[in-house]
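Notes for the one structure printed next.
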Amino acid sequence: MGRVETDRPIRRKDRVITEEETLELLERGVYGVLATVGQDGQPYGVPLSYTVWNGSIYFHCALTGHKLDNLAFCPRASFTVVGKVQAVYEKDFSTYYESAVVFGVASKVEDKEEAVEALRRLAEKYLPEHMDKADGDIARSFSRTAVYKISMDQVTGKSKKPRPAR
Numbered sequence: 058m059g060r061v062e063t064d065r066p067i068r069r070k071d072r073v074i075t076e077e078e079t080l081e082l083l084e085r086g087v088y089g090v091l092a093t094v095g096q097d098g099q100p101y102g103v104p105l106s107y108t109v110w111n112g113s114i115y116f117h118c119a120l121t122g123h124k125l126d127n128l129a130f131c132p133r134a135s136f137t138v139v140g141k142v143q144a145v146y147e148k149d150f151s152t153y154y155e156s157a158v159v160f161g162v163a164s165k166v167e168d169k170e171e172a173v174e175a176l177r178r179l180a181e182k183y184l185p186e187h188m189d190k191a192d193g194d195i196a197r198s199f200s201r202t203a204v205y206k207i208s209m210d211q212v213t214g215k216s217k218k219p220r221p222a223r
C-alpha cells in the first residue's frame, strides 16, 4: 500500500502526517466510520469496530442491512478514524486532533480461514482477556456473520498538534 494522491489533496499541507503515523493511528484507533452511498444517492455513514490486517480494514456485520445494500450497489467506500482529540483555547477556539481517511473497495471475505482470522483479530483487539472463548463464539455465530474488508487504495492522515513553546 503506498500513499496515493487523490483528486482533492489535503488543503492544509502543514497538517499532513506521515504514512507511518497514519497507519499507526489506524492500528490503535478504537472505532471508525464507514461511508457508503446507496442507489438513491443518499450517503450513509455508520460507526464500526474494525481491525487492520494484511493491508486491509476488516469489519464484521449481519448478513443483511443498509451498508451491505449500499456496498452491493457501489463497493467503493471511505473509512475514517479519529484518534486523540482535545478542545483548546489559544487566542481563539480550536481543536488538537489526529485523523485518518482510507479510500478503497469493500468486498465480502469469502475465504473461511481469512474470515475466521479477521474475527479472531477483532476479538484480540477489543477483548484480549477473553481470547480463550473467541474460537467457540466465532464458531457459534459464523453462519450468521459476514466479514468484509476494505482495500487501502488511498490513505491520508492529518493532525493539529500544540505548537512547541518558544
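Under our numbering, think of the first position of the sequence shown as 58, with each following residue one higher.
C-beta: ideal position from N, C-alpha, C; glycine also.
If you're wondering where the values come from, they're calculated on a predicted model, not measured in any experiment.
Check, Outcome
"Own chain, CB closer than 7 angstroms to N127, minus 5 neighbours either side, in chain order", "T93, V94, G95, Y101"
"The ligand ADP heavy atom lying under 7 angstroms from the CB of T137", "This structure lacks the ligand ADP, and indeed carries no ligand of any kind."
"Length at least 3, wholly inside the region 127-183: the beta strand (DSSP E) runs in chain order", "133-146, 150-165"
"Three-way DSSP call (helix, strand, coil) for S200 in this model", "helix"
"Reference H117; option with closest CA among M188, K215, S164, M209", "S164"
"Burial state of A157, where buried means 16 or more other Cβ atoms lie within 10 Å", "buried"
"Inter-residue Cα distance where the pair is V61 and E167", "A caution first: V61 carries a pLDDT of 35, below 50, which makes its placement in the model too unreliable to give a value."
"Under the three-state DSSP convention, the category I207 falls into", "strand"
"Pairwise C-alpha distance: K141 and N111", "25 angstroms"
"Residue range of the alpha helix (DSSP H) that includes T79", "76-85"
"Closest by C-alpha distance to V162, when choosing among F136, E181, A180", "F136"
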